Every structure is written in structure tokens, then in C-alpha cells.
Amino acid sequence: MLISSRSVRLLSNIARSKMAQKKLIIDTDAGVDDAVSLLMAFALNSRAKVEKLDTNRHKRTKLNAFPTPPKICGITCVEGNVELEKVAKNVVTCLRKAELTDIPVYYGASQPLLREKHSASFWHGEDGLGDVLSSEDREEDLAWAKEHNVLQGQGAFGNPAVDFIIRTIMESEEGTVDLLALGPLTNVALALRMEPRLADRLGRCVIMGGSVRGRGNITKAAEFNFYADPDAAYICFDSENGGLKTVELVDWDFCLRFSIEWEFWEKLSKNHENALMVRMSRDIVRKSRNQHTAFPLADPLAMFVMLNPAGVREKSKRRVHIELDGTHTRGMTIVDWGSHDSSKNNEFAEHYIVERIDKESYHELIELGALYC
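Everything in the sequence shown is counted per our numbering, starting at 14 for the first residue and increasing by one.
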């Protein structure tokens, strides 16, 4: 049987792709729940250290049940929960606590594409990590970052984070770089506009944002990340016009349905009272108890979806659109749940909405993050 040269090249590319190690870019606005999710990821990326810390064989078995995670090749910062400079400092704090010196941190967008800035420091604290760290701690974190050359692009012209996203995806094998976006989508939208081929080369893309059933947390209809930069969210979800091809969306409504029971969090806090994730969460735990019957941590759910795809029990493919107009609806997530208007061939692009996960496995990953740091 004759095989064409094109087929040989195709088979060769497939083989190389299978051999290439998956990489992960995390784009974050580094508030409390972002930091919790980072510690979860660092734990899986540092299995040997976790196993050394943990003398419980049962937990080690649970750790080994998780798939080998993609290598975190960089963390890009975007202004959102707090100012950009504080976001970068918070990522550095998590890296130093985890003793990871090989993950660069890039400065990104310090303002939305078009709208005025909106902060969530009222929830995450003035520093974005619950205001539990001293100024001396922060100075030591920055000295550590300087020593190990962790921070990239501080004060640089342009957008080092966007440059890194484009360069990493375009210089890697197609489909081998995944992207997890935990904050406003400004960096991602800029990257898509600057490099139109980006979406075709990207691997998985998990986004925390929006509220598919219209329950907002910053306005009556909009979730914070999409409200903070609705124009960027619109660009990212408009796959027909250069946006992301297929997003796995972890929305606010899902986060409320899969909030952490207070009983679990209290036990975790008691067993790991000095853990960074426990200490920095104390203030939002206090605030959440006054508003919610369970503890809504959004970004850790998105991290779980990225790190453990098999733990996603159900997701639905729906047409999704981000609303840009309206006094009350700007930044709202619009989902076609089954419209009867087929005359326009529906202008919304199709993406996946995560509906259900393995909650026990999710709790285990959170506990590993607490154990690690």
C-alpha cells in the first residue's frame, strides 16, 4: 500500500504532538480564590513534595488518582480583583510559599479594553489576599522574586503577558498549550486580536466567568469577570470572528451550586490552620457566612476542571453570547437554551458549559493544596 508524503507528514505531526508535554498558561487577577486555585495546581505539579509532606497513605493514593497535570509554563496577570501590581505580588507570594522558582510571572493589562476600571477589593481585601500578610512578608516576597528573576516585564512598554501568550502558543505544537483564565479576559482578547491564528493552535481553554442563568454577583445580571471587561469577553466568545473556538465555561451559577459545605471548610481549617489558603480566606469566609449557605469559591472549580477533565461529570454544548448594551445587562451572559428562531442560523457561537463535577475529587484537590502550602 502506497502512503503519500502528506500522510507521512500528518502521521509524524500526530506522533510529535502525542510526545510533546502539555503546557498550561494561567491568566489571573489573583484575589483569594485565584490564590487557592494556584496552590491546588502547584500541589499537583509538585507531587514529590506533597508525598513527602503527607504520611497518610490513603491521601497519597488519592493524589496518584489525579492525572499528570500540564506543566505550568507561565502565569499572566491582569487587573481585576485588585490593581495589576498587587495581582503580580499575590502570584509571587503563592510561588514563594510553594518554593517554585521556575514559573515566570508576566505583567499584563492594567485596564479594560473600553470601560472604566472596577475592583473587587471590597471582597478580597485591599491587598487581594485578605490582608493577612505583613509589609515585611511582602518585601521578602519581592526580594525572593528578584533573586530568582520570577517577575517579567515590570514597567515594560506594551503588554509582556500578551506577548508571552502569543509566543508560547505559536511556538509550540498545535494543541499542546492549554489556557486557564480566572479573571477579566483583557489579556486573552488582546492576544486573539494581535495573532488571528492563535485560536486554531490553542489546546483546551477553561474560563471562569459569566452567569449562564442570569444571576449576577456584581450587578443583577452580570458576573464580575465579564462585567469588568465585557468587550474582552465578547471578543473571546465570538468564535465566528476570531474568538476562541471552544471554551469550557465555569460560570457563577455553577459555582453557587458546587459551593463548599461549611462543615468541610471548618474541618480543613482546623487540620491546616497555618496553611496560606486557610489564613487568607478567613475574611471572605466571614463575609460569605452572612450571604451564603455554603462557601462559594469560583476559581478553584475552574482549576479542577482544567486539571482533572475526567472529574467533569456533565457539560452541555450551548450557544453563548456576551451582551454589550443595556443599563442593567452590559456584561450579561446570554445562552440559547433552545430557541425556535432558526431563520438566522443562530448568530451565537457554541461553547461548553460545565454542569456537574465529581465533588469528592474536587474536595481532595483543595485539601492537597492546603497540605502543600
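Quick reminder that beta carbons are idealized off the backbone N, C-alpha and C, glycines included.
This one's a predicted model, so the numbers in the text were calculated from it and none came from an experiment.
Asked, Found
"In its own chain, which residues sit with a C-beta less than 7 Å from the C-beta of A156, not counting the 5 before and 5 after it?", "none"
"Can you find at least 3 beta carbon pairs, one from the segment 225-234 and one from the segment 186-206, that sit closer than 8 Å?", "no"
"So for S329, helix, strand or coil by DSSP?", "strand"
"Taking the CB atoms as reference points, tell me whether V4 and E363 lie closer together than 9 Å.", "The chain is shown only over 14 to 386; residue 4 falls outside these bounds and no answer can be derived."
"Counting along the chain, where does the alpha helix (DSSP H) carrying T279 start and finish?", "Note that residue 279 is Glu in the sequence shown, not Thr. Run containing E279: 275-284, per the alpha helix (DSSP H) assignment."
"Under the rule that 16 or more other beta-carbon atoms within 10 Å means buried, what is P80, buried or exposed?", "exposed"
"Nearest CA to the CA of V190: which residue from L215, E368, E184?", "L215"
"Checking 9 Å against the spacing of the C-beta atoms, do T455 and I178 come in under that value?", "The displayed coordinates of the chain run from 14 to 386. Any statement about residue 455 would go beyond what the structure contains."
"Please name the residue in K35, P83, D154, N162 whose C-alpha comes closest to that of R109.", "D154"
"Helix or strand or just coil, what does DSSP make of H364?", "strand"
"Can you tell me the Cα-Cα spacing of H71 and I347, whole angstroms?", "With a pLDDT of 47 at H71, under the threshold of 50, the predicted position of this residue should be treated as unreliable, though the coordinate-derived value follows. Taking the straight line joining both Cα atoms gives about 43 Å."
"Secondary structure at G87, three-state DSSP: helix, strand or coil?", "strand"
"CB-CB under 6 Å to H285, same chain, minus the five flanking residues each way: which ones, in chain order?", "V291, A383"
"Relative to the C-alpha of H376, which residue among A111, S272, M183 is closest?", "S272"
"Taking only the alpha-carbon atoms, compute the straight-line gap between Y247 and N238 and give it to the nearest angstrom.", "12 Å"
"How many angstroms separate the CA atom of E92 from the CA atom of L337?", "20 Å"
"By alpha-carbon positions, which one of L378, L257, A78 ends up nearest to W278?", "L378"
"Quick one: what's got a C-beta closer than 6 Å to D47's C-beta in the same chain, skipping five residues either side?", "T41, L195, D312"
"Based on the DSSP secondary-structure assignment, which residues constitute the bridge partners of Y247?", "According to DSSP, which records beta bridges pairwise, Y247 is partnered with nothing at all."
"From D213, V298, L320, pick the residue whose C-alpha is nearest to that of E187; which is it?", "D213"
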